[in-house]
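Undergrad:
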Amino acid sequence: MKKSQKIVMSVASVALAASLLVGGGTLAYLRAESDTVVNDFKANQVDVSLTETGDGQYNIIPGTSETKDPKVTVNTTVPAYVFVEVTDTTDGLVRWEPADGWSKLTGFANTVYYRSVDASEEAQVFSIIKDDTVYYDAALENSNMLDEDGTLKTGLELTFKAYAIQKYEGVYSNGSYDSFSSTDAYLAVLSDARVEVTTSSKGISVLKSGKDVVLGADMQTLKLIRTNSNGQNVSVDLNGYTLSPTRMDLYAVGVENDDAAKPTTITVIGEGTVTGDTGGDINHAAYADGAGAYVVLESGTYVNTASSGEMIYAENGGHIIINGGTFKNEGAPKWTLNLKDNSGSSIVVTGGSFWEYDPSNSDTEPGGPVSFVAEGYTVVSEVKEDGTWYTVVPATA
Numbered sequence: 107m108k109k110s111q112k113i114v115m116s117v118a119s120v121a122l123a124a125s126l127l128v129g130g131g132t133l134a135y136l137r138a139e140s141d142t143v144v145n146d147f148k149a150n151q152v153d154v155s156l157t158e159t160g161d162g163q164y165n166i167i168p169g170t171s172e173t174k175d176p177k178v179t180v181n182t183t184v185p186a187y188v189f190v191e192v193t194d195t196t197d198g199l200v201r202w203e204p205a206d207g208w209s210k211l212t213g214f215a216n217t218v219y220y221r222s223v224d225a226s227e228e229a230q231v232f233s234i235i236k237d238d239t240v241y242y243d244a245a246l247e248n249s250n251m252l253d254e255d256g257t258l259k260t261g262l263e264l265t266f267k268a269y270a271i272q273k274y275e276g277v278y279s280n281g282s283y284d285s286f287s288s289t290d291a292y293l294a295v296l297s298d299a300r301v302e303v304t305t306s307s308k309g310i311s312v313l314k315s316g317k318d319v320v321l322g323a324d325m326q327t328l329k330l331i332r333t334n335s336n337g338q339n340v341s342v343d344l345n346g347y348t349l350s351p352t353r354m355d356l357y358a359v360g361v362e363n364d365d366a367a368k369p370t371t372i373t374v375i376g377e378g379t380v381t382g383d384t385g386g387d388i389n390h391a392a393y394a395d396g397a398g399a400y401v402v403l404e405s406g407t408y409v410n411t412a413s414s415g416e417m418i419y420a421e422n423g424g425h426i427i428i429n430g431g432t433f434k435n436e437g438a439p440k441w442t443l444n445l446k447d448n449s450g451s452s453i454v455v456t457g458g459s460f461w462e463y464d465p466s467n468s469d470t471e472p473g474g475p476v477s478f479v480a481e482g483y484t485v486v487s488e489v490k491e492d493g494t495w496y497t498v499v500p501a502t503a
């Protein structure tokens with residue numbers, strides 16, 4: 107039966123082939139074709155320039171005014187932010203106001219004005235100074251024109267610099283923004299890696315953008331958290347100022363990051379004071395929380411007068427490295443350095459001086475005294491008027 111079926115099929119196949127050859131026909135296939143879709147990509151630009159008429163030379167004559175007309179020209183085919191940095195070293199001898207449409211960007215040591223600019227195929231021109239005019243107060247006297255040594259003041263300058271940047275970004279530098287604020291945009295256009303700030307909010311924005319902070323005033327908590335830092339390596343220069351904690355944050359400088367694969371580091375440099383006093387039960391000057399959190403203390407004075415709370419503290423795998431600085435925990439010297447028990451955290455000390463606390467013989471950890479001092483280093487003590495100080499130094503061979 108099977109054999110006869112194969113014979114029948116073979117005969118049918120031969121017959122079909124013969125019919126195609128004899129009739130001159132061809133085999134046909136099912137097929138289809140779509141319409142063409144064209145994607146047209148438009149090029150865009152953001153460009154800014156700064157111009158001014160005149161030779162830039164002016165004479166301060168009390169009770170008069172002069173034309174000074176710096177102008178920003180913007181060529182942008184997308185919505186943009188425009189910024190003007192103003193450096194005024196005229197010592198109050200020259201009065202002027204920003205032109206309409208400019209807003210002051212606060213929180214930075216330098217004076218910055220900004221505005222939003224719509225997209226346009228045409229160049230847009232904006233005056234910086236109101237009425238393009240500067241004024242000299244009629245009350246100015248000879249004494250206002252002289253330095254303390256009686257010579258005429260020099261270096262009296264009014265300087266402008268302009269920046270522009272597109273207003274919206276799909277992803278900002280920390281990986282979490284769909285668009286950025288005027289402050290974020292300004293930080294993005296700065297070429298400087300170090301930014302001087304006068305408020306904590308701007309300081310945190312600077313750190314988030316991957317730039318280093320220089321304190322321009324006393325301020326409160328500076329921190330980075332994994333959700334907004336995306337793994338940064340930045341520094342905080344105390345610059346002679348004081349950094350203190352908010353009662354809500356409980357620490358003055360710190361990192362919270364549980365992602366060890368994307369570590370975040372804040373390094374404290376420069377001379378200044380970091381205090382742990384919050385007025386509450388928890389008083390941390392420096393704090394590291396999480397396996398991806400690193401705080402490095404290179405210098406500075408760390409103080410705490412509260413009777414409770416660890417001054418330098420790490421938990422949940424956090425890391426603190428102390429290479430220098432002065433540490434005085436007056437309220438509870440025993441708790442100058444401390445780890446959350448059995449949390450996998452670490453403190454490593456290679457330098458610094460500690461009041462009434464020996465970092466090589468700390469009794470805050472389970473199992474008896476432990477040493478936070480790195481291998482190859484030792485502690486020398488010195489009795490001073492205010493108590494005993496322990497200083498970490500390289501060990502001699």
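Heads up: the sequence shown begins at 107 in my numbering, then just goes up one per residue. Quick reminder that beta carbons are idealized off the backbone N, C-alpha and C, glycines included.
1. Smallest Cα separation from LEU445: which of ASP464, THR470 and THR456?
2. Give me the residue from LEU258, GLY386 and ASP464 with the minimum Cα distance to GLU247.
3. Compare the beta carbon distance of ALA391 and ILE426 with 8 Å and say whether it is the shorter of the two.
4. Rounded to the nearest angstrom, what separates TYR164 and ALA399 at their Cα positions?
5. Report the option in GLY261, SER233 and SER297 whose CA atom is closest to the CA atom of ALA204.
6. For LEU264, verify whether its CB is less than 7 Å away from any heavy atom of the ligand FAD.
7. CB-CB under 8 Å to LEU211, same chain, minus the five flanking residues each way: which ones, in chain order?
8. Report the residue from ALA270, GLN272 and GLY360 whose alpha carbon sits nearest the alpha carbon of LEU313.
9. Which two residues bound the contiguous beta strand (DSSP E) that contains ASN444?
10. Can you give me the C-alpha to C-alpha distance between GLY474 and SER468, rounded to a whole angstrom?
11. Taking only the alpha-carbon atoms, compute the straight-line gap between VAL235 and THR183 and give it to the nearest angstrom.
12. Note down, in chain order, each residue of its chain lying with its Cβ closer than 6 Å to the Cβ of PRO168, except the 5 sequence neighbours on either side.
13. Does the beta-carbon distance from LEU349 to LEU330 come in below 8 Å?
14. Could you tell me whether the stretch 194-209 touches the stretch 142-162, using the rule of 3 or more Cβ pairs below 8 Å?
15. State the beta-bridge partners of PHE232 as determined by DSSP.
16. Does the separation of the CB atoms of SER451 and GLY424 fall below 8 Å?
17. In angstroms with no decimal places, state the Cα-to-Cα distance between SER171 and ILE372.
18. Would the beta-carbon of LYS308 fall within 8 Å of that of VAL340?
19. Considering only C-alpha positions, which residue in the set GLY213, PRO176 and SER487 is nearest to GLU539?
20. Cα-Cα, which of SER306, ILE418 and SER249 is closest to PHE214?
21. Assuming SER505 and ASP383 are in contact, meaning their beta carbons sit under 8 Å apart, how far apart are those beta carbons, in whole angstroms?
22. For TRP461 and LYS434, which I take to be in contact (beta-carbon distance under 8 Å), what is that distance rounded to the nearest angstrom?
23. In whole angstroms, what is the alpha-carbon distance linking MET417 and ASP161?
24. Using the Cβ count rule (16 or more neighbours within 10 Å means buried), how would you classify PHE147?
25. For a test of the three-state rule: what should DSSP assign to LEU136, helix, strand or coil?
26. Could you tell me which residues DSSP pairs with TRP495 in its beta bridges?
27. Find the nearest neighbour of VAL342 within the set ARG332, GLY376 and GLN326, judged by alpha-carbon distance.
28. Output the distance between the C-alpha atoms of ASN280 and ALA294, rounded to the nearest integer angstrom.
29. In the DSSP assignment, find the beta strand (DSSP E) that holds GLY309 and state where it starts and stops.
30. Using three-state DSSP, classify VAL295 as helix, strand or coil.
31. Near LEU127, what residues of its chain come up, given a Cβ to Cβ distance below 7 Å and the 5 sequence neighbours on each side ignored?
32. Just to confirm before moving on: does the CB-CB distance between LEU156 and VAL178 stay below 8 Å?
33. Using 10 angstroms around the beta-carbon of THR381, count the other beta-carbons present and answer buried if the total reaches 16, otherwise exposed.
34. Spatial neighbours of GLU448 within its chain, please: CB distance less than 8 Å, with the 5 preceding and 5 following residues excluded, ordered by chain position.
TA: For this structure:
1. The residue among ASP464, THR470 and THR456 with its C-alpha nearest the C-alpha of LEU445 is THR470.
2. LEU258
3. In this structure, ALA391 keeps its C-beta atom at 8 Å or more from the C-beta atom of ILE426.
4. 54 Å
5. Per the sequence presented here, residue 204 reads as Pro, with Ala not at that position. Of the listed residues, the one whose Cα sits closest to PRO204 is SER233.
6. The ligand FAD is not among the ligands present in this structure, which contains no ligands whatsoever.
7. Correct list, in chain order: PHE189, VAL218, TYR219, TYR220, SER288, THR289 and TYR292.
8. GLY360
9. 443-445
10. Answer to the nearest angstrom: the Cα atoms are 8 Å apart.
11. Before going on, a small fix: residue 235 reads as Ile here, not Val. Straight-line Cα distance between these residues: approximately 25 Å.
12. TYR242, ALA244 and LEU246
13. no
14. no
15. VAL178
16. yes
17. 49 Å
18. Using a Cβ distance threshold of 8 Å, LYS308 and VAL340 do not count as a contacting pair.
19. Outside the shown range of the chain (107 to 503) lies residue 539, about which nothing can therefore be said.
20. Nearest of SER306, ILE418 and SER249 to PHE214, Cα basis: SER306.
21. In the structure as shown, the chain begins at 107 and stops at 503. Residue 505 is therefore absent and cannot be evaluated.
22. Beta-carbon to beta-carbon, TRP461 and LYS434 are separated by about 4 Å, close enough to satisfy the 8 Å threshold.
23. 57 Å
24. exposed
25. LEU136 falls in the coil class under three-state DSSP.
26. For TRP495, DSSP records a beta bridge to TRP461 and GLU488.
27. Out of ARG332, GLY376 and GLN326, GLY376 has the C-alpha closest to the C-alpha of VAL342.
28. Because the pLDDT at ASN280 is just 45, under 50, the model does not fix this residue reliably, and the value given afterwards should be weighed accordingly. Near 11 Å, if we compare the C-alpha coordinates of ALA294 and ASN280.
29. For GLY309, there is no enclosing beta strand (DSSP E); the residue is found in the alpha helix (DSSP H) stretching over 306-314.
30. Under the three-state reduction of DSSP output, VAL295 falls in the helix class.
31. At LEU127 the pLDDT is 48, less than 50, meaning the model places this residue with poor confidence; the figure from the coordinates comes in the next sentence. So no residue of the chain qualifies.
32. yes
33. buried
34. Here the sequence assigns Asn to residue 448, which means Glu is not the residue at that position. If we look at ASN448 and ignore the five residues flanking it on each side, its Cβ neighbours are PRO472.
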